[in-house]
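J.: Sharing a structure with you now.
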Ligand code: URP
Ligand code: ZN
Ligand code: ZN
């Protein structure tokens, strides 16, 4: 089947121009200023931006986190993603049972996602302990299952120590694998959480105080040094939230360290720690790292403008406010960490970023589409509008406005952190591999239509 998307304002990573896109057999066949194809079905894109489908490389669908399970499985979560203009996810696996092999979670995640995801998907592996056989499995999994990135944590119960992370980074360098890292200083956080708890300071407002920005900065700096000592091993810093953390990144950029990339998330660009002031509602925003201050937001936007940060993701990890989050009602340290966001990202970045002049539309394409694809071995199949790429795209009408509200959203969770936010720019159509899967906020796709993506090497590992 042939489709011709006609007369749109096509937004690529480098320019915006009036033109047409011809689609055949799920791929982009050609892209140009005026294309004719008499036997193609025509989609009129007049007055709409045509943007590559979003690539969100930080989600946690169906995540088991201690006693709690994130409430979006791979069906609900990917329907929400699709309705928000995201057509590809790379999901972060949960920790497995103590001492398990890396294959354990790989197999578990195929069971969780296969037949459910409505958009194309991949996985990041997770490393929770280190020995010779774990190090050997990294290469095996990358080669056999196309999982070319693994995540490690510097905090939480299944964190790795510095010597373990160093071994992982050295192995990653050898194998051409990217190591994604959650950077926070575990010792200080645990001490502060315990101190607040023991002195009765248990309201949500103590959550950000127990995880200061310098905890992030210290771990970012440490990881950059460890990666450098491992021969500039491919390193990807997830969910950077603070100005202090950013300063460490800038130091490494100034010293020309190679092979690292940095991600921030929608929430760190648009929400602040004032959300924690309300002792009840504050639970909605308990996530790690925590929300920061206006000056952190400003620094992160500036970094996007200057190209210091590479990716904006979501860390989508939803728990019901009316249920799981209430575990923190008497003590914030008992609240499951994480918040929804996969559906909100494209709308918010377009409105708060492009429409407010903080970033350009080609920069939005870089941060939400092309860079995540390049960092994680999906380019040029995903995240771009090149001939031969998958025909994943969205039509966005910049003239329409909407008030974000949970009632219009598709995640299984019972709230959005962005309730009441006015956003300019309406996603009118979402296409995955040439099939229209969303129209006017209605999901039209089918459960299980998403394909598993075996990924190549990242540009960080070339
Ligand atoms: O609070 C968060 N971010 N929960 C999800 C797990 C993680 O740290 O990324
Ligand atoms: Zn994290
Ligand atoms: Zn996460």
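Numbering (UniProt numbering), first residue to last: 1 to 462. Cβ coordinates follow ideal geometry from the N, Cα and C atoms, glycine included.
With 16 as the cutoff for other CB atoms within 10 Å, does residue 294 come out buried or exposed?
T.: Residue 294 is exposed by the Cβ-count criterion.
J.: Give the DSSP bridge partners of residue 395, in chain order.
T.: DSSP output for residue 395 lists 50 and 429 as bridge partner(s).
J.: Ignore the nearest five residues each way along the sequence and tell me which others in residue 443's own chain have a CB closer than 8 Å to its CB.
T.: 79, 82, 83, 118, 410 and 437.
J.: For residue 337, count neighbouring Cβ atoms within 10 angstroms of its own Cβ and tell me buried if that reaches 16, exposed if not.
T.: Answer is buried; the Cβ neighbour count reaches 16.
J.: Shorter than 6 Å, the distance from the beta carbon of residue 467 to the closest heavy atom of ligand 3, or not?
T.: The requested residue 467 is not part of the displayed model; the chain covers only 1 to 462.
J.: Use the C-beta contact count for residue 120: other C-beta atoms within 10 angstroms, 16 or more gives buried, fewer gives exposed.
T.: Per the 10 Å Cβ criterion, buried.
J.: Just reading off the alpha helix (DSSP H) that residue 244 is part of, what are its end residues?
T.: Looking at the DSSP string, the run of the alpha helix (DSSP H) that includes residue 244 is 243-254.
J.: Confirm, please, whether the CB-CB distance from residue 6 to residue 42 is below 7 Å.
T.: Result yes, Cβ atoms of residue 42 and residue 6 sit closer than 7 Å.
J.: Measuring only the C-alpha atoms, how far is residue 365 from residue 393?
T.: Rounded to whole angstroms, residue 365 to residue 393 spans 11 Å at the Cα level.
J.: How is the beta strand (DSSP E) around residue 390 delimited, first residue to last?
T.: Here residue 390 belongs to no beta strand (DSSP E), and DSSP marks it neither H nor E.
J.: Buried or exposed for residue 49, please, with buried defined as at least 16 other CB atoms from any protein chain shown within 10 angstroms of its CB.
T.: Label assigned to residue 49: buried.
J.: So, helix, strand or coil for residue 257, using DSSP?
T.: Three-state DSSP puts residue 257 in coil, outside helix and strand.
J.: Does the distance from the CB of residue 389 to the CB of residue 28 come in under 7 Å?
T.: Yes, they are a contact pair.
J.: Less than 7 Å between the C-beta atoms of residue 363 and residue 87, yes or no?
T.: Against a cut-off of 7 Å, the Cβ pair of residue 87 and residue 363 comes out as no contact.
J.: Cβ of residue 182 within 6 Å of any heavy atom in ligand 2?
T.: Because some heavy atom of ligand 2 lies under 6 Å away, the Cβ of residue 182 counts as near it: yes.
J.: Over what stretch of residues does the beta strand (DSSP E) that includes residue 110 continue unbroken?
T.: Note, residue 110: premise wrong, no beta strand (DSSP E); alpha helix (DSSP H) at 102-113.
J.: Where are the alpha helix (DSSP H) runs, 4 residues long or more, that stay fully inside the region 67-146, in chain order?
T.: Here the runs fully enclosed are 74-83, 102-113 and 132-145.
J.: The alpha helix (DSSP H) with residue 162 in it runs from where to where?
T.: Its alpha helix (DSSP H) spans residues 162-175.
J.: Once DSSP output is grouped into helix, strand and coil, what is the label at residue 441?
T.: Here residue 441 sits in coil by DSSP.
J.: Since residue 241 and residue 216 should fall inside the 8 Å C-beta cutoff, what is the C-beta to C-beta distance between them, to a whole number of angstroms?
T.: Yes, residue 241 and residue 216 are in contact; Cβ-Cβ is about 6 Å, under 8 Å.
J.: State the Cα-Cα distance for the pair residue 187 and residue 345, rounded to the nearest angstrom.
T.: About 32 Å.
J.: Ends of the beta strand (DSSP E) at residue 206?
T.: Taken as a continuous stretch (DSSP letters only), residue 206 belongs to no beta strand (DSSP E), being part of the alpha helix (DSSP H) at 206-210.
J.: Is the closest heavy atom of ligand 1 to the C-beta of residue 338 under 6 Å?
T.: Correct: residue 338 has its Cβ closer than 6 Å to ligand 1.
J.: In three-state terms, what does DSSP make of residue 152?
T.: In the structure shown, residue 152 sits in a strand (DSSP, three-state: E or B).
J.: Thinking C-beta only, is residue 3 closer than 7 Å to residue 23?
T.: Yes, they are a contact pair.
J.: For residue 402, which three-state DSSP category applies?
T.: Three-state DSSP puts residue 402 in a strand.
J.: Between residue 230 and residue 26, what straight-line distance do the alpha-carbon atoms span, to the nearest angstrom?
T.: Roughly 41 Å between the two C-alpha positions.
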